[in-house]
Amino acid sequence: MKRRQFLRGAGAGVAGTALAGCVGGDGGTRTVTVDYAYYNPVSLVLREHGWLEEAFEGSDAEIEWVLSLGSNEANEYSQTGDAQVASTAGVAALMARSNGVPITTPYIYSEPEWTALVTLGGNGIGSVTDLEGASVAATRGTDPYFFLLQALDEEGLSEDDVEVVDLQHPEGQDALVRGDVDAWAGLDPHMAELELEEDGTELFYRETAFNTFGFLNFLDEFLAEHPEDAQRVIEAYERGREWALENPEETAGILAAESDMSEPVAERVFTERNDLTEPIPGDDHRELLDDLAPILEREGLVSDDADPEAAAAELLDSSFATEVI
1 MKRRQFLRGA GAGVAGTALA GCVGGDGGTR TVTVDYAYYN PVSLVLREHG
51 WLEEAFEGSD AEIEWVLSLG SNEANEYSQT GDAQVASTAG VAALMARSNG
101 VPITTPYIYS EPEWTALVTL GGNGIGSVTD LEGASVAATR GTDPYFFLLQ
151 ALDEEGLSED DVEVVDLQHP EGQDALVRGD VDAWAGLDPH MAELELEEDG
201 TELFYRETAF NTFGFLNFLD EFLAEHPEDA QRVIEAYERG REWALENPEE
251 TAGILAAESD MSEPVAERVF TERNDLTEPI PGDDHRELLD DLAPILEREG
301 LVSDDADPEA AAAELLDSSF ATEVI
């Protein structure tokens with residue numbers, strides 16, 4: 001079975017804190033750079049229909065799109081100032097803000113179930129408690145890795161009770177199929193591909209609440225200096241979100257056409273594992289960030305002088321979305 005390289009890792013963090021200036025244009029026209037990502041289906045809908053460009057008609061700004069292959073790359077765009085708007089997993093946004101990247105999340109693009117714990121039948125793994133002493137492939141610092149930590153904690157276990165094999169997502173998938181590891185902290189679409197194309201695949205532990213949402217992050221400088229542009233972006237996202245809710249099969253088709261996913265994989269990823277009904281940042285998102293903040297410190301994923309608890313309190317801003325929705 002051929003493995004495809006869909007993503008470089010939703011949920012990965014950033015290392016530095018240097019920022020570049022905002023992107024400008026010629027002749028007085030500003031450029032607003034927005035990312036699109038296969039893990040953010042609404043962004044693909046916007047590009048397909050040209051609705052973001054339409055939202056900026058008559059303004060002094062034009063849209064430039066840039067592809068994010070994972071939260072790590074989206075955070076790099078925010079870190080350097082190469083994109084004013086970028087989409088990540090929630091834990092990646094928290095890591096970036098904690099490490100000094102000045103971003104705010106005014107919009108939630110999805111509540112995905114993009115990770116679960118996966119095994120192959122017949123190896124004796126049927127629950128989280130069975131992982132004690134077992135080997136688990138996971139990409140450290142990503143959403144699946146944090147999913148694994150939360151699942152272990154729920155059962156009174158910790159990372160010390162398992163052997164975490166640090167592999168990138170596609171390599172973790174391959175290691176599971178070869179039998180090199182007992183389980184894998186999976187990530188869609190690799191996980192959905194495995195389910196559909198590899199007999200015996202079992203998602204033996206699923207918990208939507210441990211997936212850290214899809215955060216649409218805006219540079220603070222952009223929000224402060226061009227709030228009207230930020231509002232246009234959110235209005236376009238709302239148009240795309242509503243269309244995607246009304247046209248799930250068409251949205252899955254756009255996802256398949258834009259990526260290397262087969263249509264069955266795209267349908268499972270979008271129609272079964274993406275909830276677009278909660279776009280306004282709120283208490284659920286804050287509580288999740290509060291739970292993750294101490295884990296970031298404990299696992300050494302933020303700088304020594306970082307304050308993840310303060311970053312969690314500062315990251316979310318619902319005021320822009322409530323003006324639109």
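Here the UniProt record's numbering is used: position 140 in the sequence shown is 140, and no number is missing along the way.
For every residue, glycine included, the Cβ atom is placed at its ideal position computed from N, Cα and C.
Fill in: Stretch-stretch touch, CB-based, cutoff 8 angstroms, three pairs: the segment 234 to 253 with the segment 122 to 140
no
Fill in: Own chain partners of Glu-53 with C-beta closer than 6 angstroms, once the 5 adjacent residues on each side are dropped
Hits under 6 angstroms: Ile-63.
Worksheet entry | Where Asn-75 falls: helix, strand or coil (DSSP) | helix
Worksheet item: What residues match up with Ile-63 in a beta bridge as DSSP calls it?
Response: Val-32
Discussion item. Let me check understanding here. Comparing Cα to Cα, which of Asn-274, Ala-321, Asp-275 lies closest to Pro-281?
Written reply: Ala-321
Worksheet item: Along the chain, which unbroken stretches of the alpha helix (DSSP H) at least 4 residues long are found entirely within the segment 168 to 246?
Response: 169 to 178, 190 to 197, 220 to 225, 227 to 246
Practice prompt. Report yes or no: do the segment 256 to 274 and the segment 222 to 231 share at least 3 C-beta pairs separated by less than 8 angstroms?
Written response: no
Item to complete: Quick one: grab the DSSP three-state call for Val-164.
Response: strand
Worksheet item: Which one of Ser-87, Pro-189, Thr-119, Val-91 has the shortest CA to CA distance from Asp-199?
Response: Thr-119
Worksheet entry | alpha helix (DSSP H) runs contained entirely in the segment 256 to 322, provided each spans 4 or more residues | 263 to 267, 283 to 298, 308 to 315
Discussion item. Please list the terminal residues of the continuous beta strand (DSSP E) segment that includes Ser-87.
Written reply: 85 to 89
Worksheet entry | Beta bridge counterpart(s) of Ile-103 as assigned by DSSP | Leu-219
Practice prompt. Give the straight-line distance between the Cα atoms of Asp-35 and Val-91, rounded to the nearest whole angstrom.
Written response: 18 angstroms
Item to complete: Keeping to the same chain, check which residues put their C-beta closer than 7 angstroms to that of Ala-83; ignore five residues upstream and five downstream.
Response: The answer, listed in chain order, is Thr-33, Val-34, Asp-35, Val-66, Tyr-77.
Worksheet item: Which of helix, strand or coil does DSSP assign to Glu-111?
Response: strand
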